[in-house]
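Every letter in the sequence shown is one number past the one before it in UniProt numbering, and letter 62, counting from 1, is 62.
Virtual Cβ for every residue (Gly too), placed ideally from N, Cα, C.
This structure is a prediction, so every number in the text was calculated from the model and none was measured.
Below is one structure, written out as structure tokens, with a few remarks after it.
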Amino acid sequence: MQLKMSSSRQICSRNGCRKVAYVESNGFIHPYCGRTCAFEVLNNPPPTPRCKNPVCSRQRYIDPSGIQYDYCGKNCARQHLNPKALNCSRPNCQKRVYTDPQDKKKFYSYCSSACYWSECSTLTATQLSLLNKNDLDYIWAHQRFISMLPNAKIKGIFRLQMPKKLV
């Protein structure tokens, strides 16, 4: 067999190899310089791209049209892009709190209104909790106070939740 050189002199496709790609006598150009490089690439494929979230080891999501995303899914992306997002205040709920789409720093204490009402309906004792200044309920209550008492110095706002029946 004779190695035929093309005028463009394509380089082997294996990373690190700078040899000229193998060209058959009929002019067909192979992607590699020879069998050694071809076997090396076929037997050691590049690692499957993993989710960009460092705490996740799943493969990245590839949609039906073939577009590959940086994360395995929407939840993993949200968790990585907003790690300070808190978990829902209802015990046994592992979801993240609802975050304002326009300002990711603002959120509610619960993941959904259904979760909030579920919490309220199962209370057996009065519950008092200090709201975070970025909580949307805090922001709404603060604006209401300031609209009525413009010179008020607000140190904190509490959420008071009472059970349906008082014992």
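State the beta-bridge partners of residue i as determined by DSSP.
| i | result |
| --- | --- |
| L81 | The partner list for L81 (beta bridge, DSSP) is empty, contrary to what the question assumes. |
| T99 | F107 |
| V23 | I29 |
| L128 | L160 |
| Q94 | DSSP lists no partner for Q94. |
| residue 181 | Because residue 181 is not part of the residues shown, which for the chain are 1 to 167, the question remains open. |
| I154 | Bridge partners of I154: none, in fact. |
| N87 | R96 |
Check for me: the alpha helix (DSSP H) holding residue i runs from which residue to which?
| i | result |
| --- | --- |
| residue 171 | Because the chain in this structure spans residues 1 to 167, residue 171 falls outside the shown range and cannot be described. |
| N43 | 35-43 |
| C51 | Where C51 is concerned, there is no enclosing alpha helix (DSSP H), given that its DSSP letter is neither H nor E. |
| Y116 | 113-121 |
Can you tell which of the options has the C-alpha that lies nearest to the C-alpha of residue i?
| i | options | result |
| --- | --- | --- |
| I29 | P150, Q102, R58, S13 | S13 |
| A125 | A38, P163, Y69 | P163 |
| Q68 | P49, K19, K133 | P49 |
| N53 | P45, K74, S65 | K74 |
| E24 | Y32, R18, C17 | Y32 |
| K105 | C17, G34, Y138 | Y138 |
| C76 | F107, R90, G34, C51 | C51 |
| L129 | D63, S89, R9 | Note that residue 129 is Ser in the sequence shown here, rather than Leu. Of D63, S89, R9, the residue nearest in Cα terms is S89. |
| N92 | C111, Q79, L131 | C111 |
| G16 | C37, Y22, Q10 | C37 |
| S121 | Q161, N132, R18 | Q161 |
| D135 | P45, L86, Y108 | Y108 |
| R35 | Y22, K165, G66 | Y22 |
| G27 | N43, R9, K19 | R9 |
Inset, instruction - Give a yes or no on contact between the stretch 86-100 and the stretch 45-60, applying the rule of three or more CB pairs nearer than 8 Å. - result: By the Cβ rule, the stretch 86-100 does not count as touching the stretch 45-60, because fewer than three pairs are nearer than 8 Å.
Inset, instruction - Please confirm if the stretch 112-123 is in contact with the stretch 150-158, defined as three or more CB-CB distances below 8 Å between the two stretches. - result: Contact between the stretch 112-123 and the stretch 150-158 is absent, because fewer than three Cβ pairs lie under 8 Å.
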